[in-house]
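Novice: Residue numbers for the sequence shown follow my numbering, beginning at 2 and rising by one.
For reference, the structure I am asking about is given below.
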Amino acid sequence: MNQKTFKVAVIQDSPVFLNLEATLDKAETLIQQAANAGAQVIAFPETWLPGYPVWLDDAPNAGLWDHPPAKALFQLLVENSPTIPGPHLDRLRKMAHQAGVYLVMGLHERDKGTLYNTMLFIDRDGENFSYHRKLVPTYTERMVWGRGDGSTLSTLDTEFGVIGGLICWEHWMPMARAAMHSKSEVLHIAQWPMVKDPLHQICSRHYAFEGQCFVVAAGAILSKGEMLDGFDSLEQPGNAGKELLESMPGDRDTLVHRGGCSIIAPNLDYLVEPVYDRTDILYADLDPRLITEGHLALDTDGHYSRPDVFQLNVNDQVQSNVRFQSDQ
Numbered sequence: 002m003n004q005k006t007f008k009v010a011v012i013q014d015s016p017v018f019l020n021l022e023a024t025l026d027k028a029e030t031l032i033q034q035a036a037n038a039g040a041q042v043i044a045f046p047e048t049w050l051p052g053y054p055v056w057l058d059d060a061p062n063a064g065l066w067d068h069p070p071a072k073a074l075f076q077l078l079v080e081n082s083p084t085i086p087g088p089h090l091d092r093l094r095k096m097a098h099q100a101g102v103y104l105v106m107g108l109h110e111r112d113k114g115t116l117y118n119t120m121l122f123i124d125r126d127g128e129n130f131s132y133h134r135k136l137v138p139t140y141t142e143r144m145v146w147g148r149g150d151g152s153t154l155s156t157l158d159t160e161f162g163v164i165g166g167l168i169c170w171e172h173w174m175p176m177a178r179a180a181m182h183s184k185s186e187v188l189h190i191a192q193w194p195m196v197k198d199p200l201h202q203i204c205s206r207h208y209a210f211e212g213q214c215f216v217v218a219a220g221a222i223l224s225k226g227e228m229l230d231g232f233d234s235l236e237q238p239g240n241a242g243k244e245l246l247e248s249m250p251g252d253r254d255t256l257v258h259r260g261g262c263s264i265i266a267p268n269l270d271y272l273v274e275p276v277y278d279r280t281d282i283l284y285a286d287l288d289p290r291l292i293t294e295g296h297l298a299l300d301t302d303g304h305y306s307r308p309d310v311f312q313l314n315v316n317d318q319v320q321s322n323v324r325f326q327s328d329q
């Protein structure tokens, strides 16, 4: 592990809701802004491309069977979700390369007929990338996302050390945490729709201490007006999906997501306190020597483990319901 300090940035901003192309344009501007400020690693919130499906939590009829507005919104979401590989991934790789940064992006990933909640890691040269699919969509999220498997418990090797991440409630899966701790993360990206206080802040800080790593808690900010404007930017007059969005409580200024981004040290201290209710880019200089100091007392994958008592088996093979012998 390199013991030199490095600078990280987390983007607290809104996507152009449901508009993939426009959100990519905005991402490019934000990435360059953070890079110009000296950031070497830049993180975005959960499914920022092209926006977390907020109607699942707040629209009264989101879960009705065969509901035309719900189907119309899902159709738009699918049409605005990138594939891996694909042209939108290529564009993100180009952004990382041009800015000279390591990029961690949350997105809806389209694979055949299913969407996944995916975290994408891109090397600063734009050549190497890996991705992680959320293992268990939470509650109503199961209406739009499939489950990831162990083959995407991915990390990214950098000159600063290992960068990894988990998505939202995966941070309450003890065995998922143990698997990630075994990868010796220096920096962990904890992606959330927004980082609720105290629930998600406590969880992110706990991960930092248990894993003896730095944690960037990444959450978006989004008003109801921005959500509706993003929908309108798709130029879909008469699309039934808008009815579902308009049924969500509040007026145009109501914040659907409030941000809450923070940057946390291995000793639980906030390097940057949580920021709510405004657009921002948060920066911090991370000193890996704090990890070395912390390991004196706690290393859950080393001297503070008991493999003679506890062992975790991780199936990291790609899971498929159909296997053709000719492919083996």
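No residue lacks a Cβ here, since even glycine has one placed at the ideal position from N, Cα and C.
Bear in mind that the values here come from a model prediction, so they are computed numbers and not experimental data.
In the DSSP assignment, the alpha helix (DSSP H) including residue 11 goes from what residue to what residue?
Specialist: Careful: residue 11 lies outside any alpha helix (DSSP H), inside the beta strand (DSSP E) at 7-13.
Novice: Figure out for me which residue from 81, 165 and 275 has the closest Cα to the Cα of residue 23.
Specialist: The shortest C-alpha separation from residue 23 is found at 81.
Novice: If you follow the alpha helix (DSSP H) that residue 329 is in, where does it begin and where does it stop?
Specialist: That residue, residue 329, is in no alpha helix (DSSP H); it is neither H nor E in DSSP.
Novice: What does the alpha-carbon distance come out to for the pair residue 230 and residue 248?
Specialist: Looking at the two C-alpha atoms, the distance is approximately 15 Å.
Novice: In chain order, what are the residue ranges of uninterrupted alpha helix (DSSP H) at least 4 long that sit wholly in the segment 204-276?
Specialist: The qualifying runs are 225-234 and 242-247.
Novice: Quick one: residues in its chain with C-beta nearer than 8 Å to the C-beta of residue 303, no 5 flanking neighbours on either side, listed in chain order?
Specialist: Excluding positions up to five away in sequence, the list reads 296.
Novice: Give the straight-line distance between the Cα atoms of residue 195 and residue 98, rounded to the nearest whole angstrom.
Specialist: Each residue's alpha carbon lies about 28 Å from the other.
Novice: Quick check: the Cα distance between residue 179 and residue 121, rounded to an integer number of angstroms?
Specialist: Rounded to the nearest angstrom, the two C-alpha atoms are 21 Å apart.
Novice: Flag this pair as touching only if the segment 237-255 and the segment 263-280 have three or more C-beta atom pairs under 8 Å; answer yes or no.
Specialist: No, the segment 237-255 is not in contact with the segment 263-280.
Novice: Taking the continuous alpha helix (DSSP H) assigned at residue 80, which residues delimit it?
Specialist: Note, residue 80: alpha helix (DSSP H), 69-80.
Novice: Report back the beta-carbon spacing between residue 218 and residue 168 to the nearest angstrom; my notes put them in contact at under 8 Å.
Specialist: The pair is not a contact, with the Cβ atoms about 12 Å apart (cut-off 8 Å).
Novice: Given that a residue counts as buried once 16 or more other Cβ atoms are within 10 Å of its Cβ, and exposed if not, what is residue 41?
Specialist: Result: buried.
Novice: First and last residue of the alpha helix (DSSP H) that includes residue 26?
Specialist: That run of the alpha helix (DSSP H) goes 21-37.
Novice: Taking the alpha carbon of residue 27 as the point to measure from, which residue in 101, 93 and 314 has its own alpha carbon closest?
Specialist: Nearest of 101, 93 and 314 to residue 27, Cα basis: 93.
Novice: Thinking C-beta only, is residue 51 closer than 8 Å to residue 21?
Specialist: The answer is yes: Cβ separation under 8 Å.
Novice: Over what stretch of residues does the alpha helix (DSSP H) that includes residue 156 continue unbroken?
Specialist: It is not in any alpha helix (DSSP H) - residue 156 carries neither H nor E in the DSSP assignment.
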